[in-house]
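Worksheet: one structure, shown below.
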Amino acid sequence: MRSLLLLALLTLPLLAQSTRTGDWPTYTGDNRGTRYSPLDQINASNFSNLEVAWRFKTDNLGPRPEYKLEGTPLVVKGVLYTTGGTRRSVVALDAKTGEQLWVYQLREGKRAAIAPRQLSGRGVSYWTDGKGDDRIVFVTTGYRLVELNAKTGQPIASFGKEGMVDLKVGMVTGTGKQIDLEEGEAGLHSTPLIVKDVVIVGSSFKEGMTVITHNNTKGLVRAFDAKTGRLLWTFNTIPRPGEFGNETWQNGSWATNGNTGVWTQMTVDEDLGLVYLPVESPTSDYYGGERPGDNLYGESLVCVDLKTGKRKWHFQIVHHPIWDYDLSSAPILADIVVDGKPIKAVALPSKEAFLYVFDRETGKPVWPIEERPVPQSDVPGEKTSPTQPFPTKPPRYARNFIDVPDDLIDFTPEMRAQAKDIMARYKTGPMFLPPIVGDGKGLLGAMQLGNASGGTNWPGAAYDPETHIVYAQANQSAVSPISLRKPPYGFSDIRYVLGRNDTEFRVSEGPGFGTAADSPLAQRRPVAPAARPAAAAPAGGGLTVQGLSLVKPPYGVISAINLDRGDLQWQVPYGETPDAVRNNSALKGKDLGNTGQGGSVGLIVTKTLVVLGDSQMTSVMHPRAAMLRAYDKATGREVGAIPMPAPQSGSPMTYSVDGKQYIVVAVSGGAYSGEYIAYKLPDHE
Amino acid sequence: MTAPVLLAIATLFAFEAQTVWDGVYTADQAKRGAALYADRCATCHGLALTGGESAPALTGGDFMSNWSGLTADTLFDRIRTTMPADKPGTLTRAQTADVLAHILSAGGFPAGQTELPTQTEYLKQIRIEAVKK
């Protein structure tokens, strides 16, 4: 009896909400970025029997439907919480039936309509005092931190001002000018990181390809008291004079540049009291002539103290960033064993398709990361770093540059020849090939792969804490030639923006820009009239051979990376061959194998399976559908698939209620508006 | 069988099982649509319909994978209800049909003698097919 009581007491802390109890209490399942659940009811033998438990359409959460639903719900104690709709509402649903329990929405007007992150958000966060005070925490389209009563959806009056903290307060440009609270540039669509009684929130800004100024809002990460909303600390991702790294902004350029936010998920080691911040690019994405130097903490993994926000260590993944290699994924905390030695590690998936692995206490790379010489820029005013970091282990888990001609399409000799002809119009080379000033009479741009939308993007990767394996989907067909041009007179104070001098200048906006609830916009960003007639080919995209990708398949891959050994355990094509390949008349009768699909999607790992959905609809080998697929996590073999009505657009999650396991995934795209679909096994065989 | 009945049956067959390969828009309509497209759509989707960071391509394999197998009203309604993203609902039904005609033209689907209709019930009878059957 006594030992039973002791056992009960010992196991009590484990019964707090976690994936071990069948819940999914944070965006990535836990605060370690793993997306792992030990649930095993759904397995290889029955995955293909899954049926829809319920659906939740987000159409009516805003004045019009959304077509890019990116949320991953939480489930705590039988209730599912998430965001959705063009007004980024929060809903609480019965996790068994999908019945709506409450909905919260904030009408932010113009503040949301001009926000830099307008989609319905990646979801919400959960805080509890363990005594019945349960709260849902999220960031609105207009960049307000809101806390709601988890039971009722009502704002927590004692938090901030009537339940919210205005996150634009304290955001600055230049040397410290407060941004306008209504029109100032700042937003976020990732979920806050909550650890104990601390809420940690990042920041993000407009798309950095055609900026109107390099002196835009400066990024930062802040911690707030979860109970009151009081600001606890601020970490400046652009260090101020006297702060470590300020000298990496030469000529005082820290004062005249912005961005460098943290727009993706952060993670925390609660025991060590250390927080891991994946920082994005400084302004602008492809031109750094206004900010000579390495530009810390641009594109750096930064470890800060949970209590104070003070820097413990950092590692700059890209020096003087000009490739849009924003740190896109949640850093994964992994307790591994290398050469018999236990290491508390942090592993960072990336657009570069490298997994950067560090000792998370010291920041020392687990395997050497070498500085190697890279090509240098010839764009006026640009000074690229002579070297960049290259991990020696694990090997890259997807293609990260185009090796000409070996990487080019080779279905037929004619196709290879056409691809070579196209490539001849561009500058080509290894990783970190800098952008060039493209010209219709000469080279059109610098051919790159993966920086804008390749490798592992915002959906991140997953990690199995039992086997020490990281699972990552990666796009290896994101061909993106980059060309710079001078902006039209009066458009910007930066010397070069994305584009070509001989084509019409077009402003590049971010995904979802203009789609928030209260658009139409009062005014758009100024666009100077085109100086010259438009040409057909834009600065990026549209590079195909008979409608097919310039590069050879697989277009996307799923990789299992063993973190004890630092090698690839297995790698398989992601998804199935697209219709455009199967239907191509030049390829009739050819066996192409599985070419896989491009696109960027998230995944989960369970006791036995890796689960993720297709990024494309297909209809040649089965009726029109995008498949949700299960792979044997030990081998990569596909062991089951079920049809979904639209591509996966948000990362899946899994939970269990009353002994039944569910998988929920957000789908949308094309004709299909946003919908969360819950799958479970049939109650009766 | 009387002549009117025969005519009715003939008409029925004429409008049955149409696909985008059957010349469902006119060249003039696509030309009007091209001008509208350049003005209202190209900023995000690109002049060559190849898309960009902020918006998907409106031609090619990825685009067709979203729409092949559906009927034209779904694409028409997607444009009508959500586009242009910064000012949805500002195109008339006729303008929406013109833009759709331009997208079909750019996708290599042949022009015909009849304009693409603006009525949902008629558009429902035109299937989008990536490949000519």
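Chains as they are written, first to last, in this note's numbering: chain W, 1 to 685; chain F, 1001 to 1133.
In this text, a Cβ means the ideal position worked out from N, Cα and C, and glycines have one as well.
Since the model is a prediction, treat every value here as computed from it, not as a measurement.
- SER483 of chain W sits away from ARG495 of chain W, with the two beta carbons spaced by 7 Å or more.
- Nearest CB-CB separation between ARG64 of chain W and chain F: below the 7 Å threshold.
- Neighbours of GLY670 of chain W across chain F, judged by C-beta separation under 7 Å: ASN1066 and TRP1067.
- Cα atoms of GLY1061 of chain F and MET617 of chain W: separation of roughly 10 Å, rounded to the nearest angstrom.
- Every alpha helix (DSSP H) stretch that sits fully inside the region 1064-1104 of chain F and reaches 4 residues is listed by chain position as 1072-1082.
- The C-beta of ASP1073 of chain F comes no closer than 7 Å to any C-beta of chain W.
- Contact residues of the region 202-215 of chain W toward chain F are GLU207 and MET209 (C-beta to C-beta distance below 7 Å).
- Our two residues, GLN1119 of chain F and PHE1076 of chain F, have alpha carbons roughly 10 Å apart in a direct line.
- Taking C-beta atoms under 8 Å as the contact rule, GLY602 of chain W and ASN1066 of chain F fail to qualify, at a distance of about 20 Å.
- When 8 Å is used as the limit between beta carbons, ALA586 of chain W is near no residue of chain F, the shortest such separation being about 13 Å.
- For LYS344 of chain W, the enclosing beta strand (DSSP E) starts and ends at 341-348.
- A Cβ-Cβ contact shorter than 7 Å links GLY454 of chain W with ALA478 of chain W.
- Those residues of the region 446-457 of chain W placed with their C-beta closer than 7 Å to a C-beta in chain F are ALA452, ordered along the chain.
- Rounded to whole angstroms, the separation of the alpha carbons of ALA223 of chain W and LYS307 of chain W is 9 Å.
- Counting along the chain, THR1120 of chain F sits inside the alpha helix (DSSP H) bounded by residues 1120-1123.
- Rounded to the nearest angstrom, the gap between the Cα atoms of GLY1107 of chain F and VAL667 of chain W is 26 Å.
- By the Cβ criterion, the region 407-418 of chain W is not in contact with the region 307-317 of chain W, since fewer than three pairs of Cβ atoms, one from each stretch, lie closer than 8 Å.
- Taken atom to atom, the span from the alpha-carbon of THR140 of chain W to that of THR264 of chain W is near 15 Å.
- CA-CA distance, ALA115 of chain W to LYS77 of chain W, rounds to 33 Å.
- Remark: C-beta atoms of ASN259 of chain W and PRO282 of chain W approach each other more closely than 7 Å.
- Taking a beta-carbon distance threshold of 7 Å, GLY1061 of chain F counts as an interface residue toward chain W.
- With respect to the 7 Å criterion, LEU628 of chain W and GLY650 of chain W are not classified as neighbours on the basis of their beta carbons.
- Counting C-beta atoms within 10 angstroms of its own C-beta, PHE205 of chain W has 16 or more neighbours from the protein chains shown and is therefore classed as buried.
- Taking 4 residues as the minimum length, the alpha helix (DSSP H) runs contained wholly in the region 92-156 of chain W are 110-113, in order along the chain.
- In this model, PRO192 of chain W and ALA347 of chain W are separated by some 20 Å (Cα to Cα).
- Residues of chain F whose Cβ lies closer than 7 Å to the Cβ of ASN583 of chain W are, in chain order, ALA1130 and VAL1131.
- Within chain F, the residues GLY1069 have their CB atoms less than 7 Å from the CB of ARG624 of chain W, given in chain order.
- Annotated as distal: TRP233 of chain W and GLY109 of chain W, with beta-carbon spacing of 7 Å or more.
- Per DSSP, the continuous beta strand (DSSP E) segment holding TYR679 of chain W begins and ends at 672-680.
- In the structure shown, CYS1044 of chain F falls within a helical segment according to DSSP collapsed to helix, strand and coil.
- Between PHE432 of chain W and GLN388 of chain W a beta carbon distance of about 5 Å is seen, short of the 8 Å cut, so the two are scored as contacting.
- Cβ neighbours of LEU272 of chain W within its own chain (closer than 8 Å, five residues either side excluded): LYS344, ARG360 and GLU361.
- Listed in chain order, the non-local C-beta contacts of ARG1093 of chain F below 6 Å within the same chain comprise THR1118, local neighbours out to five positions each way being set aside.
- Closest by C-alpha distance to ALA462 of chain W, out of W:TYR276, W:VAL545 and W:MET653, is W:MET653.
- Proximity of THR1043 of chain F to chain W, defined by a Cβ-Cβ separation below 7 Å, is satisfied.
- Within the same chain, and ignoring the five residues on either side of GLU675 of chain W in sequence, the residues whose Cβ sits closer than 8 Å to its Cβ are ARG55, PHE56, LYS57, THR58, LEU69, PRO645, ALA646, ALA666, VAL667 and SER668.
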